[in-house]
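First up is the structure itself, then whatever we jot down about it.
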Amino acid sequence: MTVSLLQPTQDTHGRPRRPAAIMHLRSALNGLHLGLFTFDDALCVQFMNEQLRIVLDLSDDAAGAGSDLQTFIESSPILASTAVQQVLAACHDAVLTRRLKLLEISSNEKGIFYFSIRIEPLPDQTFLATIVDMTAQRVAEARAVEEAMCDPLTGLPNRTLFEDRVVAALDRNASEGVDGPAVMVIDLDRFKNVNDTLGHLTGDGLLRLVSKRLQGMMRQTDIIARFGGDEFAALISPAPDLQSVSLLASRIVDVLSRPYLVDGHLVNIGASVGVAVTPLRGSTYAILLRSADLALYDAKSRGRGTSSLFQPTMDVRAAARRQNENDLRKALALREFSLHFQPQIDLQRNVIVGFEALLRWHHPERGLISPMEFIPLAEEIGLIVPLGEWVLSQACLAASCWPSDISIAVNVSPCQFGDTDRLIDAVAEALAAADMPGSRLELEITESVLLQDADRVLDALHRLRAMGVRVAMDDFGTGYSSLSQLHSFPFDKIKIDRSFVKDRADDRGQDAVIRAIAALGGSLGMATIAEGVETPEQLARIREGGCKIVQGYLFSRPIPVEEVDLMIARHNSKKNTDN
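Using the working numbering, the first residue of the sequence shown is number 6, and each one after it goes up by one.
Shown next as structure tokens:
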């Protein structure tokens, strides 16, 4: 649209415009999808199109062409007084400076409206104002921003919005001196089992119920957010005293641990909570969240289903953990690990029938580190898979040099069954590299392996069995589903947990358990082995209970690979002497 089209009385050569041309021009202007009007230096309205009536909701008898600008703008029922003043000021400034003016205004006189206004001078000393209704666009943009900052499943704020709200609370704490916020990180316990056994739709329904319970425990000033998966967070702002915050965290654990009815299923889960409280004029968002995460880790390490308040000592433990992680990664790269071997004795024939491979880590500065310390850490940080593959390889290579009637037992972490194809490939490669038949390898697994994805794990166990590899259930009797697991897969051996072997005041009960396990194994065609035998008295009880194979300090501590041949020779020599 050229400037000349806005001059209704003259054509481009300054000649009077014919009425037909004027009518055509007005028709064109009225057909535009934006509202426009012209005014002169005296702020008097000269022309307005029909679309402007729609944009500003003007009635038929509202002020129009020929009226002064203020009366004209004020006749719009949707423009609040502040918006009217903004428009008048912009028009007045355009007259004074004869420069283009751009502005956006909002008004909530009759709902919320947004307008984009452009005011530009024309060559004939008049001014053109165009008004575009941006309400639908701004509402859509606001909705998109809101949706981008909300969790689509639960409708709760997501991590981004949560951070914004925490930062705002911290700013109020710093500028106004009000009490600072507290941040809670909430992790659901056993949620993965719900997804695995009942499906993701049920899991989604459970998450929605959890979010409702959390919201029901919050004040209006508090915020619940979902970070993703089964992790939630709470902003308590302003935070009350420490005791009240701790009581709220304990209540969250209690309420979230109560049963849920989801899609006809009665579901039980738990929760762990980590809490960080801001000191007056204190922390940043990053520090608060990290502190709450450390407190959550502390709660989980104490058995889950509890809450923990951040303490400065947790920073020290976190630093030590990071150092341990770094040392563990370095140890794997530099091969600081070694294998020791503990013999397994057949009591009837008094012969060594196998060895269990036990991992050892000799730290260059800290010395020998207990497997109870580094194995769980390796599982947490994902190093147990490559570490387990190294153990398999080294154990098979060592056993390939022993007499062919002696087997090697290797513990397999539940984490290694996360990728069953990789585990099976690792076993096949270890056997091939050692040129050893699968029948001489025995893999020890705990029953928790079968609680992951039972069908997938059972398929992997059958594939291992097809390779000739034997499978033993380790720590039998310590879980809650041992008997059912024995029927799900034909194990070659049951390993009685050392807790049933130790001398206790209730020895009669322990003896009964040993006899029952030995009889059960015999009826199912599975060998039984007792570990942790340390005294002649324990050996007598084991023998009397019907257990055929034993291992423990009574016979030998775990020994390095270079001592295995000598042990086999000495044991055979002693056997011949006894005979």
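Where is the CB? At the ideal position from N, CA and C, for every residue including glycine.
All values derive from a computational prediction rather than experimental measurement.
Query, Result
"For Ala153, I'd like the list of residues in its chain whose CB is within less than 6 angstroms of its CB, leaving aside the five on either flank, ordered along the chain.", "none"
"For the candidate residues Val321, Glu109, Arg334, Arg58, whose alpha-carbon lies nearest to that of Phe379?", "Arg334"
"Rounded to whole angstroms, what is the Cα-Cα separation between Phe496 and Leu456?", "16 angstroms"
"Below 6 angstroms CB to CB, which residues in the same chain sit around Ile110 once its five sequence neighbours on both sides are set aside?", "Ala88, Gln91, Phe120"
"Cα-Cα, which of Leu48, Phe52, Gln399, Phe237 is closest to Val566?", "Gln399"
"Do you know offhand how far Glu236's Cα is from Ser262's?", "15 angstroms"
"Buried or exposed for Gly71, going by 16 or more other Cβ atoms inside 10 Å?", "exposed"
"Tell me the rounded alpha-carbon separation between Ala362 and Asp502.", "17 angstroms"
"In angstroms, rounded to a whole number, what distance separates the CA positions of His97 and Ser288?", "49 angstroms"
"Does the segment 136-145 come close enough to the segment 214-229 to have 3 or more Cβ pairs within less than 8 angstroms?", "no"
"Alpha carbon to alpha carbon, how far is Ser409 from Asp440? Give it in angstroms, no decimals.", "12 angstroms"
"Does the beta-carbon of Val144 have 16 or more other beta-carbons within 10 angstroms, so that it is buried, or is it exposed?", "exposed"
"Would DSSP call Ala25 helix, strand or coil?", "Note on Ala25: pLDDT 47, under 50, position unreliable in the model; the coordinate value appears next. Helix."
"For a test of the three-state rule: what should DSSP assign to Asp516, helix, strand or coil?", "helix"
"In chain order, what residues of the same chain lie with their CB nearer than 6 angstroms to the CB of Asn416, ignoring the 5 residues before and after it?", "Glu449"
"Would you call Gly393 buried or exposed, if buried means 16 or more other Cβ atoms sit within 10 Å of its Cβ?", "buried"
"Measure the alpha-carbon distance for Leu74 versus Cys49 and round it to whole angstroms.", "5 angstroms"
"In whole angstroms, give me the CA-to-CA distance for Phe315 and Arg309.", "16 angstroms"
"Using a Cβ-Cβ cutoff of less than 8 angstroms, which residues in the same chain neighbour Pro369 once the five nearest sequence positions on both sides are dropped?", "Glu341"
"So for Thr76, helix, strand or coil by DSSP?", "helix"
"Helix, strand or coil for Trp407, going by three-state DSSP, please let me know.", "coil"
"What residues are listed by DSSP as bridge partners for Glu55?", "DSSP, once it has assigned bridges, lists no residue as partnering Glu55."
"Starting from the N-terminal side, write out each stretch of the alpha helix (DSSP H) that is 4 residues or longer and does not extend beyond the segment 132-184.", "140-153, 164-181"
"Go ahead and pull the three-state DSSP assignment for Val280.", "strand"
"Could you tell me the alpha carbon to alpha carbon distance between Ser453 and Phe481, rounded to whole angstroms?", "11 angstroms"
"Check the DSSP bridge columns for Thr43 and list the partner residues they point to.", "Phe52, Leu133"
"Taking Ala383 as the reference, give the member of Trp366, Ser528, His576 with the closest Cα.", "Trp366"
"Could you give the uninterrupted runs of the beta strand (DSSP E) lying entirely in the segment 254-314, keeping only those of 3 residues or more?", "265-267, 270-272, 275-282, 312-314"
"Expressed to the nearest angstrom, what Euclidean distance is found between the alpha-carbon atoms of Asn329 and Val272?", "37 angstroms"
"Please state the DSSP three-state secondary structure of Ser111.", "strand"
"Does Arg575 come out as helix, strand or coil in the three-state DSSP assignment?", "helix"
"Quick one: grab the DSSP three-state call for Arg327.", "helix"
"By Cβ distance, which residues of its chain are closer than 7 angstroms to Asp298, with the 5 residues on each side in sequence left out?", "Val190, Gly279"
"Between the segment 98-106 and the segment 56-70, are three or more C-beta pairs nearer than 8 angstroms?", "no"
"For Leu339, list the residues DSSP reports as bridge partners.", "Bridge partners of Leu339: none, in fact."
"Let's test the definition: count the other Cβ atoms within 10 Å of the Cβ of His29 and tell me whether it reaches 16, buried, or not, exposed.", "Below a pLDDT of 50, predicted positions are generally treated as unreliable, and His29, at 45, falls in that range; the measurement from the model is reported next regardless. By the neighbour-count rule (16 or more Cβ atoms within 10 Å), His29 is not buried but exposed."
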